[in-house]
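*Asks:* Just add 5 to the spot in the sequence shown (first one is 1) and you have the numbering used here.
All residues carry an ideal CB built from backbone N, CA and C; glycine is no exception.
Quick caveat, the model's predicted, so the values are computed rather than measured.
This is the structure, below, for whatever I ask next.
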Amino acid sequence: MLKKIFICLAAVLVLSLQVSAQQAVRRELVVIHDFDDVLRFNMAVWHAIQLKQAGVDVRVVFEGDAVLNFLPRQDGDMRQKSLSLERVNMEKNKSRLKNLVTPKKGRDLLKELADLKVPYTVCSFFATLFNKYAELKAAGVPMSADPENRMDLSPFIRDNYQLLIF
C-alpha cells in the first residue's frame, strides 16, 4: 500500500514538473538581414509582431542591408527591385500578397512593432559599412554598442533566446 502511494506521489511530482517547464516564458530573437526582398522583410517583422501578441518575449535585430529601412524616406523607397516579386507568381497570388509586398506595408509593420514596444536594435557595424551610422544615430534609432564589430548574438543565446533568422 505504501508503495502505491509513493508511486502516485512520484507520478504527480513528475507531471507537475513537466507542466511548469512547458509554462516557461518563450524567448525569441528575430534577426532580419534582408531589406531588398520586400516580402521577406515584411514577413519577418510580421512574425515578430505575432510572437509578441502571443505573449512571447521577443526582440529584433536588424543587420545587413535591413539597417537601410531606418533611413528617412525623402526620395521614395531605397530598395532595388524586389527579388520576391520575381520568385512569386504575382498574377496567381496578387490578392493574397499585395498587402505584404509594398514598402508602405513594411513601414506600417515597423510602426506596429514600435507600438507593441518590441525592443529592437540596429547593427552599428552595418550602418557604418553603408556610411549611414551618423544619420541613423542622429535620428534616434537604437543602435548596437560597437560600430567596429558585428553585433554579438551570444548574450541572447546565453539568455535562452531561440533564434529566428530572416
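1. Hey, how far is the Cα of ILE37 from the Cα of VAL72?
2. Looking at VAL50 and LEU118, is the spacing between their C-beta atoms short of 8 Å?
3. Flag this pair as yes or no: are the beta carbons of PHE75 and LEU141 separated by less than 8 Å?
4. Look up VAL50 in the DSSP assignment and say whether it is helix, strand or coil.
5. Identify the continuous alpha helix (DSSP H) that holds GLU140 and give its terminal residues.
6. Consult DSSP for ARG45 and reduce its assignment to one of helix, strand or coil.
7. Under three-state DSSP, which class holds GLU117?
8. Can you give the Cα-Cα distance for GLY60 and TYR138, rounded to whole angstroms?
9. From GLN55, ALA132, TYR166, ARG64, pick the residue whose C-alpha is nearest to that of ALA150; which is it?
10. Chain B beta carbons: is any one of them nearer than 8 Å to that of ASN47?
11. Compare the Cα-Cα distances from ARG172 to each of PHE171, ILE170, ASN165, LYS110 and report the closest residue.
12. On the three-state DSSP scale, how would you describe PHE131?
13. Decide if ASP70 is buried, meaning its Cβ has at least 16 other Cβ atoms within 10 Å, or exposed.
14. Using the Cα positions of THR126 and ALA144, report the straight-line distance between them to the nearest angstrom.
*Replies:* In short, the structure shows the following:
1. When rounded, the distance between both Cα atoms is 9 Å.
2. When the beta-carbon positions are compared, LEU118 and VAL50 come within less than 8 Å of each other.
3. For PHE75 and LEU141, yes; Cβs fall inside 8 Å.
4. Assigned with DSSP and collapsed to three states, VAL50 falls in helix.
5. GLU140 -> alpha helix (DSSP H) spans 138–143.
6. If DSSP states are grouped into helix, strand and coil, ARG45 belongs with the helices.
7. Residue state, collapsed to three classes: helix.
8. Using only the alpha carbons, I get a separation of about 33 Å.
9. Put simply, of GLN55, ALA132, TYR166, ARG64 the residue whose alpha carbon is nearest the alpha carbon of ALA150 is ALA132.
10. Protein chains in the displayed structure number just one, and chain B is not present.
11. The structure shown does not extend to residue 172, since the chain is modelled only from 6 through 171, so no value can be given for it.
12. In the structure shown, PHE131 sits in a helix (DSSP, three-state: H, G or I).
13. Answer is buried; the Cβ neighbour count reaches 16.
14. In a straight line, the C-alpha of THR126 is about 14 Å away from that of ALA144.
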